[in-house]
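Novice:
Protein chains: 2
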Amino acid sequence: MYHKVSLDALDKLQKQKHKLVGGTKFSIGNIQIDVEGKDGLGGLIEEWFGQWALHERLAISNPKKVGNSQSFPDYFVGNNQEGLLEIKSFDVAASANFDIANFESYCDSLSKNPERIDSDYLIFGYKLSGSRLTIEEIWLKKIWEITCPSERWPLKTQTKRNVIYNIRPAAWYSKNARYHIFTSKDEFVEALYATQKEYLGIKESNEEITYYKSLKNNG
Amino acid sequence: MYHKVSLDALDKLQKQKHKLVGGTKFSIGNIQIDVEGKDGLGGLIEEWFGQWALHERLAISNPKKVGNSQSFPDYFVGNNQEGLLEIKSFDVAASANFDIANFESYCDSLSKNPERIDSDYLIFGYKLSGSRLTIEEIWLKKIWEITCPSERWPLKTQTKRNVIYNIRPAAWYSKNARYHIFTSKDEFVEALYATQKEYLGIKESNEEITYYKSLKNNG
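Protein sequences, first through last, are from chains A and B. Following our numbering from start to finish, the first sequence increments by one per residue and tops out at 219. Following our numbering from start to finish, the second sequence increments by one per residue and tops out at 219.
1. Taking CB distances under 8 Å as the criterion, tell me whether A/G219 reaches chain B.
2. Assuming the contact rule is C-beta atoms closer than 8 Å, B/K142 and B/Y121 should be a hit. Round their C-beta distance to whole Å, please.
3. Less than 8 Å between CB atoms is the rule here; does A/F103 satisfy it with respect to chain B?
4. In this structure, how does DSSP classify B/S105 when only helix, strand and coil are distinguished?
5. Threshold first: 4 residues or longer. Then list the alpha helix (DSSP H) segments lying entirely within the segment 74-146 of chain B, N to C.
6. So, B/D39 versus B/G23, is the Cβ gap smaller than 8 Å?
7. Within the same chain, show all residues whose beta-carbon is closer than 6 Å to that of B/G219, passing over the 5 residues directly before and after it, in chain order.
8. Would you tell me roughly how many angstroms separate the C-alpha atoms of A/K19 and A/S89, rounded to the nearest one?
9. Quick one: does B/Q196 have its CB under 8 Å from some CB of chain A?
10. Helix, strand or coil for B/G22? Go by DSSP, reduced to three states.
11. Does the segment 87-105 of chain A come close enough to the segment 117-136 of chain A to have 3 or more Cβ pairs within less than 8 Å?
12. Suppose the cutoff is 7 Å on Cβ atoms and the five residues either side in sequence are ignored; what does the same chain contact list for A/P154 look like?
13. Using the C-alpha atoms, what's the distance from A/F26 back to B/R132?
14. Any idea if B/Y2 is buried or exposed, counting beta-carbon neighbours within 10 angstroms, 16 or more meaning buried?
15. Identify the residues that DSSP records as bridge partners of B/I31: which are they?
16. Ignoring anything shorter than 3 residues or poking outside the segment 146-211 of chain A, list the beta strand (DSSP E) runs there in chain order.
17. Three Cβ pairs or more, each shorter than 8 Å: is that satisfied between the segment 164-180 of chain B and the segment 96-103 of chain B?
18. Just the C-alpha distance for B/D8 and B/W139, rounded to the nearest angstrom, thanks.
19. Can a CB atom of chain B be found closer than 8 Å to the CB of A/P149?
20. Could you run through the segment 105-134 of chain A and flag, in chain order, every residue whose CB is less than 8 Å away from some CB of chain B?
21. Starting from B/H55, trace the alpha helix (DSSP H) both ways and give me its first and last residue.
22. List the endpoints of the continuous alpha helix (DSSP H) containing A/K64.
23. DSSP on B/L10, reduced to helix/strand/coil?
24. Figure out for me which residue from A/N80, A/N162 and A/S71 has the closest Cα to the Cα of A/I60.
25. Use the C-beta contact count for B/Y106: other C-beta atoms within 10 angstroms, 16 or more gives buried, fewer gives exposed.
26. Taking the straight line between their C-alpha atoms, what separation do you get for A/G29 and B/L54?
27. For chain B, find out if any of its Cβ atoms is closer than 8 Å to the Cβ of A/H55; answer yes or no.
28. Could you compute how far the alpha carbon of B/I181 sits from the alpha carbon of A/K65?
29. Taking Cβ positions only, does A/L140 come closer than 8 Å to chain B?
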């Protein structure tokens with residue numbers, strides 16, 4: 001189910017896990033600080049992974065380095081770049097709270113790039129003790145293995161003031177999760193489009209209201 | 001107008017400007033990367049500044065290090081912590097796009113902490129060439145010297161789908177700016193509350209609509 005190269009990466013990472021210790025150092029002039037904040041850490045781990053894969057001679061390439069400005073995937077895997085790999089990370093002392101993808105972009109892109117549904121997700125669970133970063137857990141997953149329903153929508157999303165922003169993860173690593181992950185790809189896709197249908201209905205009503213208000217305000 | 005210690009900091013920074021070169025290094029295991037992204041850089045510069053001020057023996061202290069969890073200021077200045085100092089930064093190759101403050105929190109806090117209006121803003125204009133960070137410009141400003149009106153509101157803010165998020169800066173450093181900075185503290189305060197009044201009017205209408213919709217949906 002997962003791409004062979006993704007499985008290789010997972011295997012190598014798990015064997016090296018006890019050595020996966022590091023952190024961020026920031027300097028200007030002669031003052032250097034050991035960074036204790038988590039801001040931007042997801043992007044750093046993603047960039048680090050590309051360098052690590054190169055060092056391990058894995059068939060993993062970065063679309064941005066060959067001139068593609070596309071928003072996905074983070075990496076291509078395989079000799080013919082046939083697999084898609086996304087890198088995610090979160091602090092294991094908290095809950096998984098990363099953005100899986102922008103909700104509307106993901107809905108749109110599935111119709112144009114149906115292969116996106118089969119992307120592999122390599123997920124790093126890190127711990128930050130002061131400025132010391134350690135990798136505690138590594139998972140390889142498919143999107144339907146890290147997503148679930150929610151009270152508000154058939155698919156759990158980040159929703160603020162009735163606007164859906166991002167697809168958000170289930171607590172797939174927890175035995176006490178209130179909502180369980182989907183049991184199949186099909187179940188995820190159904191939940192995705194059921195959410196979209198319900199959401200677009202609501203959004204159109206809101207847009208009508210905004211439109212009528214704007215007529216009133218301008219006239 | 002500015003606190004004496006803020007002026008001292010500005011003076012020292014400007015004298016050292018040619019030496020203010022640095023960057024971010026991130027490592028896990030034996031792979032280290034020189035970071036080229038800007039994510040989180042504002043927070044790093046803010047944290048760096050505290051260490052730099054300590055090294056320069058300036059009377060500048062970090063509220064978070066003495067147990068205050070308040071959202072402002074970034075630093076206290078003066079022997080009696082009587083002055084408030086905010087640290088901001090932006091890439092001089094682009095426009096100033098930092099968040100000055102959350103709009104609603106700022107409106108609320110001014111009534112409880114009117115001294116906040118007199119906070120000093122120390123602003124770093126940086127350049128990132130690959131992973132090499134240089135400080136190109138440093139400014140010391142008051143809030144009315146870095147804010148302006150906009151087409152949408154009496155005070156320029158970040159507004160998405162009719163929701164105001166943050167107070168956003170004017171192009172105070174540009175000769176060709178379409179909107180000029182305010183000419184006085186009073187002019188800024190007027191624009192702030194005029195924006196709030198107009199915004200709350202609209203928001204209440206939206207909340208009514210949402211409320212009636214929820215009645216309809218639930219009934």
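Quick reminder that beta carbons are idealized off the backbone N, C-alpha and C, glycines included. The model shown is predicted, which means the values in this text are computed figures rather than measured ones.
Specialist: Inspection of the coordinates gives the following:
1. Residue numbering aside, residue 219 of chain A sits at position 219 when the first sequence is read from its first letter. Note that A/G219 has pLDDT 41, beneath the 50 cutoff, so the model's placement of it is unreliable and no number is given.
2. Start at 1 with the first residue of the second sequence, and residue 142 of chain B comes out as number 142. Start at 1 with the first residue of the second sequence, and residue 121 of chain B comes out as number 121. The pair is a contact, with the Cβ atoms about 7 Å apart (cut-off 8 Å).
3. As a first step, residue 103 of chain A must be located in the first sequence, where it is residue number 103. No, A/F103 lies away from the interface with chain B (no Cβ there is under 8 Å from its Cβ).
4. For this step, residue 105 of chain B is matched to residue 105 along the second sequence. It is helical.
5. 103-112
6. For this step, residue 39 of chain B is matched to residue 39 along the second sequence. For this step, residue 23 of chain B is matched to residue 23 along the second sequence. Against a cut-off of 8 Å, the Cβ pair of B/G23 and B/D39 comes out as no contact.
7. Here residue 219 of chain B refers to the residue found at position 219 of the second sequence. Low confidence applies to B/G219: its pLDDT is 41, below 50, so where it sits in the model is not reliable enough to give any reading.
8. Taking the first residue of the first sequence as position 1, residue 19 of chain A is located at position 19. Taking the first residue of the first sequence as position 1, residue 89 of chain A is located at position 89. Straight-line Cα distance between these residues: approximately 18 Å.
9. Here the question's residue 196 of chain B lines up with position 196 in the second sequence. Answer no: the Cβ-Cβ gap between B/Q196 and chain A never drops below 8 Å.
10. If you number the second sequence from 1, residue 22 of chain B lands on position 22. DSSP places B/G22 in strand when its eight states are reduced to three.
11. yes
12. Counting from one through the first sequence, the residue named residue 154 of chain A turns up at place 154. Same-chain partners within the cutoff: A191, A194 and T195.
13. Locating residue 132 of chain B in the second sequence gives position 132, counting from the first residue. Locating residue 26 of chain A in the first sequence gives position 26, counting from the first residue. Computed Cα separation, rounded: 11 Å.
14. Your numbering for residue 2 of chain B matches position 2 in the second sequence. Under this definition B/Y2 is a buried residue.
15. Mapped onto the second sequence, residue 31 of chain B falls at position 31. For B/I31, which the question treats as bridged, DSSP gives the partners B/I28.
16. 157-160 and 163-167
17. yes
18. Translated into the one-based positions of the second sequence, residue 8 of chain B becomes position 8. Translated into the one-based positions of the second sequence, residue 139 of chain B becomes position 139. Roughly 12 Å separates the two Cα atoms.
19. On the first sequence, position 149 is the one that residue 149 of chain A refers to. Chain B contact via Cβ: absent.
20. L133
21. The residue given as residue 55 of chain B occupies position 55 in the second sequence. From DSSP, the alpha helix (DSSP H) with B/H55 extends over L41 to H55.
22. If you number the first sequence from 1, residue 64 of chain A lands on position 64. No alpha helix (DSSP H) contains A/K64, which DSSP labels as neither H nor E.
23. If you number the second sequence from 1, residue 10 of chain B lands on position 10. Note: B/L10 maps to helix in three-state DSSP.
24. Numbered from its first residue, the first sequence carries residue 60 of chain A at position 60. Here the closest residue by C-alpha is A/N80.
25. Numbered from its first residue, the second sequence carries residue 106 of chain B at position 106. So B/Y106 ends up on the buried side.
26. Taking the first residue of the first sequence as 1, we reach residue 29 of chain A at position 29. Taking the first residue of the second sequence as 1, we reach residue 54 of chain B at position 54. Computed Cα separation, rounded: 14 Å.
27. Counting from 1 along the first sequence, the entry for residue 55 of chain A is found at position 55. With 8 Å as the cut-off, A/H55 counts as an interface residue toward chain B.
28. As a working note, residue 181 of chain B is residue 181 in the second sequence. As a working note, residue 65 of chain A is residue 65 in the first sequence. Cα to Cα, B/I181 sits roughly 41 Å from A/K65.
29. Locating residue 140 of chain A in the first sequence gives position 140, where the first residue counts as 1. Closer than 8 Å: no.
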